[in-house]
Amino acid sequence: MKRFRLMLRFALVCFEAALISACGSVLAAAQNLCQFNSAQGKIQHVIYIQFDNVHLRRDNPNVPSDLEQMPHLLNFIRHNGTMDANHHTPLISHTANDILTSLTGVYSDRHGIAVANSYPVFRPDGSTALPSSFFYWTDLVSDENSSTQDNTFGMLAADGHNAPAPWVPFTRAGCDVGAYSTANIVIERTPFDVVKIFGAGSTEANDANQFSDFAGIAVHCAQGSSVCANSNTKAVADLLPQEPGGYNGYEALFGALYVNKVLQLRDIDGNPITGFNGFSPTASETLGAIATMQEAGIPVTISYIADAHDNHVTDTAFGPGQAGYVAQLQSYDLAFAKFFARLKTDGIDEHNTLFIITADEGDHFAGGPPTPANCDGVHVPCTYSNIGELDVNLPGLLAAETGNTTPFSIHFDMAPSVNITGNPARTSSTTRQLERDFATLTELNPLTNQTDTLTSALADPVELGLLHMITADPARTPSFIMFADPDYFFLTFGSATAVEDPGFAWNHGGIQPEIVGTWLGLVGPGVRHGDDGGGSAVQFSDHTDIRPTILALVGLQDDYIHDGRVLFEALNPSALPQSLTAHRDTLLQLARVYKQINAPVGPLGLGSLKVSTAALASNSDNDEVYTRLEGTIAAWQQQRDAIAHQMRALLEGAAFGGNPISEQQAKRLISQGQHLLNQVASCAEEPSACGE
């Protein structure tokens, strides 16, 4: 019956879209031999969904969280799989970096985007450009901003090559990969990427509706795929010239214009998606599109859904429990109810499909208290008289409070990267004085009428290296980064006195728990059933762990070692190789200490950040404290890297190489890692005395 229902759905898709001539190709696509190698061969589909800023934790203790207000989604995860409530972001915690880390399984120093959603690049003359972090996978920095004269890849591996693309293991296994509104694996920029992909003299290059027709939607096809071979559409070469192991003879479809010639994309309510509407898609839009792709035989879909806390009509923000926010969450929940029901009718469900559902990052709500004070949003709506981040002209404030007028550029954010004009050395008097002055900045908060210390933490290139934020391109290394009070957002224009901006009330980028803490839902064959129970069945995890966990479940491999590790405690032993079930207790200890020392927001990362802040704020004779603490941090990174690389090799070898860990080696590394953690924790308690 399952096969009959699936074929019936295909017939209806073809009929409704008036694509009778294409039906044979669509049906053939469903029969492509996608060679997953999952345990007992149970996984036939992979559905990856990443939200923007949808929360499991409550932003107001009286108001149910975003996921609590989407019970069809939350219960689907809890009843059929595992909810990881102990999941985290990398740094900086922003959409582009978070999604790219999730897709690749490596931190920023190995994929190239450490500051998002745009990133600073020093030009040769010492000025700064800010290219977007959203571009196509093979674009160069100079493709985005020619003034940089920077010919490195935007997606940049640690060896200086183009970072490996996330769809490759799937297409090599014969599986088409569909993408909807997902960072950097679809066309993001027009006209440049349209010209690059289709050619300068092409019809597409002269299309008046390039963004609608070609952006945001893609199918990366396996060799011999009937989707790309369909005579009604136009496939182009899927070029990855620096892919490890080579990547030749593959094709892709880009954009609604060409994807719709093979299958008619519709939202979950049945409305045709005739063009791409932008990178803030609703749940109905995204879920309908990927359901259509799955029904058309595209077994792997990677997608993105916009947040629910912004009013996309008036370009203002909602507060927790506000009527418009609650209504949008209700519409999202209804979309998921329809999505799961529709897929089950097609025979696509938790019994044969791996669902990976997560959010890029959390947020801090910047606003006043609600009225009434005990509102819950669901039964009693909340209203707000004060809502919005506090915007501050950072150079203006610095000049007013300290008299420092050193010219610099920033990435506008609550965690601004600072690029000093001329790119002076980190030890120069110019850089050091600016760091000291940043550490002293204060602002009168108009919401509380209290004076806030603005700087929560400071990190220069020494600390950024430890946090995996230094890429293979030196021009992308900022002078330093200020992690600030999450109520504030910094610009280089406007008032030096904080001004409330009602258009934006949900800040991220910083190191606060509500920002770097997020969630991960896993459902499907091989996933253990368990709920978060207010904690988590999973040890500390972050976005790098998603990729290796997916590949372990489907039985595929990347051509590189991940920074993340397989979340084997969330999986059934029967779904894992024997090498990953042997020595389980020691493996769990190894995985725990590995994440503690290697994750940017683990205890080593956050502890070292406290020491870095003290170093950059210090003003001792001959800068002795700064020099000593910076040397200590550099030594920590050297030790950490040596330990973590060995741990990573053991974890990766057990997961993908069939190599059980050595108990003796693992326990030695655990001891070394714990000793390093103790050193950092001790120094973080009293940084000024550290290293004396």
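Residue numbers (this note's numbering): 25 to 716.
Every residue gets a Cβ at the ideal spot worked out from N, C-alpha and C, and that includes glycine.
ask   = Measuring CA to CA, which of Gly677, Arg196, Leu91 and Thr172 is closest to Pro344?
value = In the sequence shown, counting from the first residue as 1, residue 344 sits at position 320. For the residues Gly677, Arg196, Leu91 and Thr172, the minimum Cα distance to Pro344 belongs to Leu91.
task = Check Ala242 in the structure and name its three-state DSSP category.
result = Walking along the sequence shown from the start, residue 242 turns up at place 218. Strand.
Length of the line joining the Cα atoms of Met179 and Glu593 = Taking the sequence shown and counting its residues from 1, the one referred to as residue 179 is at position 155. Taking the sequence shown and counting its residues from 1, the one referred to as residue 593 is at position 569. Pairing Met179 with Glu593, the inter-Cα distance amounts to about 31 Å.
ask   = Closest to Ile73 by CA distance: which of Leu378, Ile535 and Glu459 is it?
value = Within the sequence shown, numbered from 1, the residue matching residue 73 stands at position 49. For Ile73, the closest C-alpha among the options Leu378, Ile535 and Glu459 is that of Leu378.
request  = Take the Cβ of Leu653 as the centre, count every other Cβ of all protein chains shown within 10 Å, and call the residue buried at 16 or more, exposed below.
outcome  = What you label residue 653 is simply residue 629 of the sequence shown in a count that begins at 1. By the neighbour-count criterion, in which 16 or more other beta carbons inside 10 Å mark a residue as buried, Leu653 falls on the buried side.
inquiry  = Using the Cβ count rule (16 or more neighbours within 10 Å means buried), how would you classify His4?
reply    = Nothing can be reported for residue 4: it is not among the residues displayed for the chain, which extend from 25 to 716.
Segment contact, 8 Å Cβ cut-off, at least three pairs: the region 138 to 146 with the region 573 to 583 = Contact between the region 138 to 146 and the region 573 to 583 is absent, because fewer than three Cβ pairs lie under 8 Å.
key: Strand pairing of Trp530, partner residues [DSSP]   = In the sequence shown, counting from the first residue as 1, residue 530 sits at position 506. Phe389, per the DSSP bridge assignment.
Beta-bridge partners of Ala341, as assigned by DSSP = Translated into the one-based positions of the sequence shown, residue 341 becomes position 317. In the DSSP assignment, the residues bridged to Ala341 are Asp334.
query = Whole alpha helix (DSSP H) runs in the region 51 to 106 with 4 or more residues, listed along the chain?
reply = Look at the region 51 to 106 and you find these whole runs of alpha helix (DSSP H), each 4 residues long or longer: 95 to 104.
task = Check the DSSP bridge columns for Phe300 and list the partner residues they point to.
result = Numbered from 1 along the sequence shown, position 276 holds the residue referred to as residue 300. DSSP lists no partner for Phe300.
query = Can you list, in chain order, the residues of its chain whose CB lies under 6 Å from that of Asp556, leaving out five sequence neighbours each side?
reply = On the sequence shown, position 532 is the one that residue 556 refers to. Model confidence at Asp556 stands at a pLDDT of 46, short of 50, so the residue's coordinates are unreliable and nothing is read from them.
Beta carbon of Asp331 nearer than 8 Å to that of Asn86 = Residue mapping note: residue 331 aligns to position 307 of the sequence shown, counting from 1. Residue mapping note: residue 86 aligns to position 62 of the sequence shown, counting from 1. No. Outside cutoff.
query = Taking the beta strand (DSSP E) that Asp525 falls in, what are its first and last residues?
reply = Counting from one through the sequence shown, the residue named residue 525 turns up at place 501. Start and end: Val523 to Asp525.
Met671, enclosing alpha helix (DSSP H) - first and last residue = Indexing the sequence shown from 1 puts residue 671 at position 647. Where Met671 is concerned, the enclosing alpha helix (DSSP H) starts and stops at Glu648 to Phe680.
key: Coil, strand or helix - Ile434 by DSSP   = Sequence index remark: in the sequence shown, residue 434 carries index 410 (1-based). Looking at Ile434 - three-state DSSP - the assignment turns out to be strand.
ask   = Is there at least one Cβ from chain B nearer than 8 Å to Met107's Cβ?
value = Although the question refers to chain B, the structure presented lacks it and comprises just one protein chain.
ask   = Under the three-state reduction of DSSP, which class applies to Leu277: helix, strand or coil?
value = For this step, residue 277 is matched to residue 253 along the sequence shown. Secondary structure of Leu277 (DSSP, three-state): strand.
inquiry  = With H, G and I counted as helix, E and B as strand and the rest as coil, what does DSSP make of Gly48?
reply    = Along the sequence shown, read from residue 1 onward, the residue named residue 48 stands at position 24. Any reading at Gly48 needs caution, since the residue's pLDDT is 39, under 50, leaving its predicted position unreliable; the model's value is listed next. Reduced to three states, the DSSP call for Gly48 is helix.
message = Could you check whether Met438 and Gly294 sit closer than 8 Å to each other, using their CB atoms as the reference points?
response = Residue numbering aside, residue 294 sits at position 270 when the sequence shown is read from its first letter. Residue numbering aside, residue 438 sits at position 414 when the sequence shown is read from its first letter. Cβ atoms of Gly294 and Met438: not closer than 8 Å.
task = State the beta-bridge partners of Leu482 as determined by DSSP.
result = Sequence index remark: in the sequence shown, residue 482 carries index 458 (1-based). DSSP, once it has assigned bridges, lists Met506 as partnering Leu482.
Cross-strand partners of Leu369 (DSSP beta bridge) = Here residue 369 refers to the residue found at position 345 when the sequence shown is read from its first residue. It should be noted that the sequence gives Thr, not Leu, for residue 369. According to DSSP, which records beta bridges pairwise, Thr369 is partnered with nothing at all.
request  = For Arg571, count neighbouring C-beta atoms within 10 Å of its own C-beta (all shown protein chains included) and say buried if the count is 16 or more, exposed if not.
outcome  = Here residue 571 refers to the residue found at position 547 when the sequence shown is read from its first residue. Buried is the call here.
key: Assigned exposure category for Ser171 - 16 Cβ within 10 Å defines buried   = Taking the first residue of the sequence shown as position 1, residue 171 is located at position 147. Ser171 should be labelled exposed.
inquiry  = Using only the alpha-carbon positions, how far apart do Ser598 and Thr610 sit?
reply    = Residue numbering aside, residue 598 sits at position 574 when the sequence shown is read from its first letter. Residue numbering aside, residue 610 sits at position 586 when the sequence shown is read from its first letter. Cα to Cα, Ser598 sits roughly 19 Å from Thr610.
query = Taking all protein chains shown into account, do 16 or more other C-beta atoms lie within 10 angstroms of the C-beta of Pro305, making it buried, or fewer, making it exposed?
reply = Residue mapping note: residue 305 aligns to position 281 of the sequence shown, counting from 1. Counting Cβ neighbours within 10 Å, Pro305 comes out buried, since at least 16 surround it.
ask   = For Tyr349, which three-state DSSP category applies?
value = To locate residue 349, count along the sequence shown from 1; it is residue 325. Reduced to three states, the DSSP call for Tyr349 is helix.
key: Ile539 to Lys285 span [Cα, whole Å]   = Position 515 of the sequence shown, counting from 1, holds the residue named residue 539. Position 261 of the sequence shown, counting from 1, holds the residue named residue 285. Their backbone Cα atoms lie some 41 Å apart in a straight line.
query = Since Ile494 is in the alpha helix (DSSP H), which residue starts that stretch and which ends it?
reply = Within the sequence shown, residue 494 is the residue found at index 470, counting from 1. Counting along the chain, Ile494 falls outside any alpha helix (DSSP H), and DSSP gives it neither H nor E.
ask   = Counting along the chain, where does the alpha helix (DSSP H) carrying Tyr618 start and finish?
value = Start at 1 with the first residue of the sequence shown, and residue 618 comes out as number 594. Per DSSP, Tyr618 belongs to the alpha helix (DSSP H) from Arg608 to Asn622.
query = Is Leu674 near Leu614, with beta carbons less than 8 Å apart?
reply = Walking along the sequence shown from the start, residue 674 turns up at place 650. Walking along the sequence shown from the start, residue 614 turns up at place 590. Yes; because the gap between Cβ atoms is below 8 Å, this pair is in contact.
ask   = What first and last residue would you give for the beta strand (DSSP E) that runs through Ser695?
value = Counting from 1 along the sequence shown, the entry for residue 695 is found at position 671. Going by DSSP, Ser695 is part of no beta strand (DSSP E) but of the alpha helix (DSSP H) stretching over Glu687 to Glu709.
ask   = Should the region 490 to 501 be regarded as contacting the region 384 to 395, the criterion being three or more beta carbon pairs within less than 8 Å?
value = In this structure the region 490 to 501 does not touch the region 384 to 395; the number of beta carbon pairs closer than 8 Å is below three.
request  = Could you tell me whether the Cβ atoms of Ile380 and Leu546 are closer together than 8 Å?
outcome  = One-based indexing of the sequence shown puts residue 380 at position 356. One-based indexing of the sequence shown puts residue 546 at position 522. A contact, by the Cβ cut-off of 8 Å.
inquiry  = Quick check: Ala383 and Trp530, are their CB atoms within less than 8 Å of each other?
reply    = Position 359 of the sequence shown holds residue 383. Position 506 of the sequence shown holds residue 530. The answer is no: Cβ separation not under 8 Å.
inquiry  = Taking the beta carbon of His586 as the centre, do at least 16 other beta carbons fall within 10 Å, making it buried, or is it exposed?
reply    = Along the sequence shown, read from residue 1 onward, the residue named residue 586 stands at position 562. In summary, His586 is buried, with 16 or more beta-carbon neighbours lying within 10 Å of its beta-carbon over all protein chains present.
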